[in-house]
Amino acid sequence: MSAASRGSCLRLALVAVLLAAPPARGWGFAAHRMIEEEAIETLSEPLRAYFREHREEISDGSIEPDTVLRARDGAREASRHFIDLDLYGAPPFADLPRSYRAAVDRFGRRAVVERGTLPWTIEQKHAELRREMREGRWPQALRTAAHAGHYVADATMPLHAVSNYDGRRTGNAGIHKAVEHDLVDERIARFRTRVRARQRPATAADYGRERVFAVIFESFAAAPELLDADRRARRLGAVGSPAYVESLDDRLGALLAARLARAVDLLGGFWQSAWEEAGRPVPR
0 MSAASRGSCL RLALVAVLLA APPARGWGFA AHRMIEEEAI ETLSEPLRAY FREHREEISD
60 GSIEPDTVLR ARDGAREASR HFIDLDLYGA PPFADLPRSY RAAVDRFGRR AVVERGTLPW
120 TIEQKHAELR REMREGRWPQ ALRTAAHAGH YVADATMPLH AVSNYDGRRT GNAGIHKAVE
180 HDLVDERIAR FRTRVRARQR PATAADYGRE RVFAVIFESF AAAPELLDAD RRARRLGAVG
240 SPAYVESLDD RLGALLAARL ARAVDLLGGF WQSAWEEAGR PVPR
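No gaps in the numbering here: position 223 of the sequence shown is 222 in our numbering, and each next residue is one more.
Next up, the structure:
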């Protein structure tokens, strides 16, 4: 087989993987970049200075789970971005074990993976980051920190916590793109200003297993509000139209800004706690 033929086959295989895998269902690229850039400013020294020095690398890495890792791992990567809480019953989700091993023991690995592994992916990345910092492997730590930030941000997105993630079951098809791109990404400067108004120094107490689950439960509780706002906006214009987006902003702008600010808080705590648990090593 010629090099050109091999290249064509590889491209076709990649397309097949991407089409077969379920959507990763996240904030948009601009939002992911903004969250990580703003989280850097919440850190204590010398970690903040080091992350500032590598701000562009961290920002670029923030979207790689949706691009590089998704192309490489397909559906396996997609499951790391969400958890369908409604498939585990109703709040406060007492039947959902907080540990991955206990969840697999109760529901089976296949069911757990199909329903999404977001909280446990975050926990795994925290352990990886802590270990890399402790061992002084800072280039790897930067990449892990950037990738982990993507999953942490996903925990704050309401449509990541429900199986009806794009509204197809309720007449809200297309809501995911409308919220993440047409509203948030297209107005990211305004959302950044709102997020900065809520910014505060990160503490290790901002991160932990129960904290992650609490944030995801908040996302679940907010999902119906997104669907309702979408239904009302559709009465004013087609999905993505100026009238539709303006209506979404009026009804959801404050909620989404609060979720984005929560992402910055949680991510700052995630990075800060990993560094402190690693022994506060000096980045090099």
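Ideal placement from N, C-alpha and C gives every residue a C-beta, glycine not left out.
Other residues of its chain near residue i: CB distance less than 8 Å, five sequence neighbours each side excluded
i, result
"residue 203", "268, 271, 272, 275, 276"
"residue 283", "135, 137"
"residue 236", "242, 243, 246"
"residue 261", "155, 214, 217"
Same chain only: Cβ atoms within 7 Å of residue i, ignoring 5 sequence neighbours per side
i, result
"residue 136", "none"
"residue 183", "26, 27, 30, 190, 255"
"residue 233", "243"
"residue 187", "29, 30, 33"
"residue 105", "96"
"residue 53", "141"
Sequence-distant residues of its chain with Cβ nearer than 6 Å to residue i (five each side left out)
i, result
"residue 238", "173, 177"
"residue 83", "114, 115, 162"
"residue 266", "38, 148, 151"
"residue 76", "68, 69"
"residue 181", "239, 244"
"residue 111", "102, 103"
"residue 81", "24, 115, 117, 159"
"residue 47", "none"
C-beta atoms of residue i and residue j nearer than 8 Å
i, j, result
"residue 78", "residue 159", "no"
"residue 292", "residue 117", "Because the chain in this structure spans residues 0 to 283, residue 292 falls outside the shown range and cannot be described."
"residue 68", "residue 114", "no"
"residue 278", "residue 133", "yes"
"residue 57", "residue 144", "yes"
"residue 286", "residue 211", "Absent from the structure is residue 286, since the part of the chain shown begins at 0 and ends at 283."
"residue 45", "residue 281", "yes"
"residue 199", "residue 41", "yes"
Residue i: CB within 7 Å of a non-hydrogen atom of the ligand FAD
i, result
"residue 131", "The ligand content of the structure shown is nil, which means the ligand FAD is not present either."
Candidates the options, of which the one nearest residue i by Cα
i, options, result
"residue 90", "216, 262, 42", "216"
"residue 192", "259, 76, 167, 223", "259"
"residue 95", "280, 35, 209", "209"
"residue 124", "214, 46, 185, 206", "206"
"residue 166", "229, 213, 35, 131", "229"
"residue 170", "121, 36, 231, 196", "231"
"residue 196", "257, 55, 251", "257"
"residue 122", "62, 108, 99, 131", "99"
8 Å contact criterion, which residue i and residue j should meet: CB distance rounded
i, j, result
"residue 194", "residue 263", "6 Å"
"residue 157", "residue 221", "4 Å"
Contact with chain D by residue i, beta-carbon distance below 8 Å
i, result
"residue 72", "Absence of chain D from the displayed structure is noted, only one protein chain being present."
- request: Mind the definition here: the segment 224 to 234 touches the segment 245 to 252 only if three or more C-beta pairs lie below 8 Å; say whether that holds.
  value: yes
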